[in-house]
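Protein chains in written order, with full-length UniProt numbering: chain H, 1 to 472; chain X, 1 to 406. Note that the Cβ used here is the ideal one computed from N, Cα and C, for glycine as well. Have a look at the structure below before the remarks.
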């Protein structure tokens with residue numbers, strides 16, 4: 001594989017990205033090993049995942065933590081996280097004024113992403129919040145920190161020209177939250193084609209001698225026939241401009257024309273368990289965004305699976321995919337989250353501390369879980385790549401499915417405070433964040449902050465803990 | 001008099017004294033390593049410094065942080081602390097820890113707390129059952145926590161209280177409670193019990209308390225009951241009166257103080273150690289402590305400010321990327337402040353680093369005997385014009401021989 005490091009081939013190519021598959025596909029869908037290389041970035045072996053960011057940071061991880069204590073190779077950012085000033089206050093978003101040298105990405109500098117990591121930019125967050133308004137011929141609906149808005153595809157092109165990520169995702173005319181009707185399906189391919197073309201034309205305008213961002217074009221989550229005109233264009237006039245494909249669900253693999261099989265495939269689909277990831281890997285997806293990492297972290301759950309499974313399957317008692325650290329049973333446990341784990345959290349801390357931090361609603365609890373959970377997923381993909389290499393992937397996948405439960409553990413505890421751009425409330429749902437302040441009484445506020453014992457604790461608990469004794 | 005002192009678990013050595021002011025530079029050696037004084041101690045109330053890992057905290061230069069015995073006594077509780085092996089083991093912190101006794105929280109957080117000779121009577125925050133916290137309870141809990149410095153339970157009342165009788169009672173009771181704490185303290189060879197001088201704003205009462213408590217010969221001495229909204233001028237008088245009377249060979253800790261100008265003035269008045277939640281709490285609201293004052297980076301005027309949080313700062317956030325930092329800008333903090341937890345972590349890191357680095361500069365100035373010059377340049381930088389420096393600071397510094405207007 002040493003040849004894959006060779007960047008000189010990258011420099012000469014019209015493509016800013018080099019994706020080399022270890023073996024060419026013989027079928028439409030089969031697991032594949034690849035390596036994605038971009039100039040000046042550490043190559044990424046696939047299958048792999050891309051960390052999803054929120055406002056430029058992986059949730060809970062300050063940039064130094066991410067650099068020093070994770071193996072994150074690629075980060076996904078969403079334009080809607082940066083343009084609330086444009087969409088709501090008719091001002092230039094600060095990110096567009098951010099200074100950078102010609103060879104630098106202002107976005108990368110703004111969010112302080114390390115130079116070695118791949119920077120991917122798409123229009124919507126991962127996972128995207130559903131919007132009430134539908135797309136138009138020229139714009140999609142977005143959510144910013146100031147509320148719902150529209151993103152014109154021309155503005156998207158302009159943003160890409162300014163922000164210069166390594167990889168940009170074409171906008172697909174895709175609905176989130178419900179299925180498209182027949183009339184809408186007819187428009188999806190046409191709109192997506194128009195938007196992708198505009199992006200290709202826009203990126204040609206750059207004349208600073210730097211490679212253009214690599215473009216990943218959407219494969220729409222509809223049958224191939226319903227988007228054939230668009231797919232034809234991808235193989236024909238756009239073939240030199242498209243460097244990868246974006247899929248919104250695994251089934252869309254079937255729509256990829258044979259001539260595009262060599263392109264890397266990024267899935268934005270909702271893979272809500274490692275089993276779903278394995279299914280998608282088996283069908284030939286290369287790169288994933290994985291919302292469940294941050295979701296489990298926020299829920300106070302420590303992921304706990306490995307691939308291949310290290311234990312023989314026991315059908316009667318499948319292993320859990322994670323452990324709910326809110327459970328008081330961990331309060332005195334001095335073992336790390338996982339005995340064999342080498343992440344920052346497991347090397348430095350025990351379960352008792354994590355449980356305490358969650359219980360005390362200290363932000364560090366989510367930091368430590370986020371480091372651990374990313375590490376688990378990192379190792380999972382390393383194991384997957386090794387098993388494909390060994391030719392044992394199918395067997396290991398079957399064994400993994402038998403070893404672990406189907407679903408991640410239920411969320412029991414309270415997560416961190418959520419913001420409107422991070423979470424969409426459902427009808428008749430209880431409020432997501434408990435009220436922080438009830439009165440202007442400072443003492444009461446501090447008492448809330450002190451959040452003592454469990455809600456059911458009484459004087460006996462205090463006494464038992466030796467903190468104080470009952471007066472009478 | 002001697003300029004160093006040693007007790008079973010502590011060594012205090014004065015390295016240099018300012019020839020003009022009462023400022024001192026010293027080394028305080030505790031069971032978890034030496035600490036250079038003067039020092040600001042960040043407050044990790046519940047065994048965690050607001051989202052920072054112990055590695056990040058150490059990287060700010062911190063080797064002595066605070067935990068709160070009141071909070072740890074409730075969560076995770078004494079029994080768990082016992083099982084885990086104390087607060088160091090709980091939080092994976094290799095540096096030193098100081099714990100507050102819980103008396104202050106009892107009175108400031110709990111309505112209807114009542115202090116009797118026995119201890120603090122309060123109603124359980126959950127079910128209203130009457131409870132009693134005694135000096136013996138506090139020692140037992142802090143012994144279990146295993147902190148390097150433990151504080152006596154004291155009778156704290158607001159300095160602004162007009163009730164002189166009650167103030168006197170509190171001061172005298174704090175002395176009696178100190179005696180009970182000394183008796184109840186089970187690990188003097190591993191943990192250092194500090195007394196807490198009380199007496200409100202009454203200098204005579206403070207003098208009596210200083211004299212009495214100094215007799216008890218605790219390894220260190222705290223000046224308590226301040227930083228409760230009293231007139232800064234009176235605050236300075238109290239600190240100065242106490243440092244005049246306290247033995248010079250003991251570390252002096254002024255509790256609850258954290259504004260940069262309060263620190264530099266209090267150091268000139270002879271204090272060595274400080275703590276305050278302000279720098280870390282204010283970080284979570286998007287406020288950055290800088291050499292030119294505190295900036296609210298959530299203000300729209302910073303949205304396009306592409307400079308570092310503080311151009312003079314050498315913290316991980318402020319250092320440019322090619323010098324090993326992150327190159328975080330004010331514009332990025334504006335983008336994430338009060339929205340992403342990571343934004344709070346970045347500013348917390350900066351603010352703690354700022355105060356620790358300020359203490360480092362103060363210390364260097366004392367050692368080189370140019371602390372008066374340091375004070376001049378510090379206040380000129382922070383206020384632009386010396387005429388804008390608050391009167392209390394001008395007055396207090398003039399008392400110790402530094403005339404900022406000269």
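Interface flag, residue i vs chain X, CB-CB below 8 Å
i, result
"residue 452 of chain H", "Reliability fails at residue 452 of chain H, whose pLDDT of 41 lies under 50, so the model's placement of it is uncertain and no value is given."
"residue 25 of chain H", "no"
"residue 227 of chain H", "no"
"residue 307 of chain H", "no"
"residue 270 of chain H", "no"
"residue 469 of chain H", "yes"
"residue 94 of chain H", "yes"
"residue 16 of chain H", "no"
Residue-level contact to chain H via CB, residue i, 8 Å cutoff
i, result
"residue 76 of chain X", "yes"
"residue 390 of chain X", "no"
"residue 286 of chain X", "no"
"residue 156 of chain X", "no"
"residue 80 of chain X", "yes"
"residue 99 of chain X", "no"
"residue 283 of chain X", "no"
"residue 253 of chain X", "no"
DSSP-derived helix/strand/coil call for residue i
i, result
"residue 41 of chain X", "strand"
"residue 6 of chain X", "strand"
"residue 76 of chain H", "strand"
"residue 104 of chain H", "coil"
"residue 315 of chain X", "coil"
"residue 50 of chain X", "coil"
"residue 171 of chain H", "coil"
"residue 343 of chain X", "helix"
"residue 112 of chain H", "coil"
"residue 182 of chain X", "helix"
"residue 228 of chain H", "helix"
"residue 252 of chain H", "helix"
"residue 332 of chain X", "helix"
"residue 240 of chain X", "helix"
"residue 360 of chain X", "helix"
"residue 292 of chain H", "helix"
Residues sharing a beta bridge with residue i, DSSP
i, result
"residue 223 of chain X", "X/197 and X/254"
"residue 371 of chain H", "None; residue 371 of chain H has no bridge partner."
"residue 338 of chain X", "Paired residue(s): none; residue 338 of chain X is not in a bridge."
"residue 48 of chain H", "H/287"
"residue 183 of chain H", "None; residue 183 of chain H has no bridge partner."
"residue 100 of chain X", "X/68"
Residue j beta carbon less than 8 Å from that of residue i
i, j, result
"residue 317 of chain X", "residue 346 of chain X", "yes"
"residue 192 of chain H", "residue 172 of chain H", "yes"
"residue 73 of chain X", "residue 103 of chain X", "no"
"residue 246 of chain X", "residue 210 of chain X", "yes"
"residue 476 of chain H", "residue 151 of chain H", "This structure cannot settle anything about residue 476 of chain H, because the visible part of chain H is limited to 1 through 472."
"residue 195 of chain X", "residue 218 of chain X", "yes"
"residue 401 of chain X", "residue 333 of chain X", "no"
"residue 44 of chain H", "residue 67 of chain H", "no"
"residue 221 of chain X", "residue 254 of chain X", "no"
"residue 5 of chain X", "residue 249 of chain X", "yes"
"residue 89 of chain X", "residue 97 of chain X", "no"
"residue 191 of chain X", "residue 147 of chain X", "yes"
Heavy atom of the ligand ZN within 7 Å of residue i beta-carbon
i, result
"residue 33 of chain X", "Within the structure as shown, the ligand ZN is missing, as the structure has no ligands at all."
Quiz prompt | Residues in the stretch 97 to 114 of chain H having any Cβ partner in chain X nearer than 9 Å | solution = Close to chain X, meaning a Cβ-Cβ distance shorter than 9 Å, are the following residues of the stretch 97 to 114 of chain H: 97, 98, 99, 109, 110, 111, 112 and 114.
Self-check item: chain H contacts from the stretch 113 to 142 of chain X (Cβ-Cβ distance under 7 Å)
Solution: Within the stretch 113 to 142 of chain X, the residues whose Cβ lies closer than 7 Å to any Cβ of chain H are, in chain order, 121, 124, 125, 126, 127, 129, 130, 131, 132, 133, 137, 140 and 141.
Quiz prompt | Cβ-based contacts, 7 Å cut-off: residues of the stretch 84 to 96 of chain X near chain H | solution = Listed in sequence order: 84, 90, 91 and 92.
Quiz item: Mind listing which residues of the stretch 340 to 356 of chain X have their C-beta closer than 8 Å to chain H's C-betas, in chain order?
Solution: Answer set for the stretch 340 to 356 of chain X: 340, 341, 342, 343, 344, 345, 346 and 349.
Quiz item: Which residues, in order along the stretch 145 to 163 of chain H, keep a beta-carbon less than 8 Å from a beta-carbon of chain X?
Solution: Answer in chain order: 145.
Self-check item: Interface residues of the stretch 365 to 392 of chain H facing chain X [CB-CB below 9 Å]
Solution: Under the 9 Å Cβ criterion, the stretch 365 to 392 of chain H contributes 365, 366, 367, 368 and 371.
Exercise. Would you list, in chain order, the members of the stretch 44 to 64 of chain H that have their beta-carbon closer than 8 Å to a beta-carbon of chain X?
Key: Flagged, chain order: 54, 55, 56, 57, 58, 59, 60, 61, 62, 63 and 64.
Quiz item: Quick one, which residues of the stretch 411 to 422 of chain H are near chain X if we go by CB-CB under 7 Å, in chain order?
Solution: Sequence-ordered contacts of the stretch 411 to 422 of chain H with chain X read 416 and 419 [C-beta pairs closer than 7 Å].
Self-check item: Near-chain X residues of the stretch 323 to 335 of chain H (beta-carbon distance less than 8 Å), N- to C-terminal order
Solution: Of all residues in the stretch 323 to 335 of chain H, only 331, 332 and 334 come within less than 8 Å of chain X when Cβ atoms are compared, listed by chain position.
Exercise. Could you list the residues in the stretch 342 to 365 of chain H with a C-beta less than 7 Å from some C-beta on chain X, going in chain order?
Key: For the stretch 342 to 365 of chain H, which is checked against every Cβ of chain X, the residues closer than 7 Å are 348, 349, 352, 353, 356, 357, 359, 360, 362, 363 and 364.
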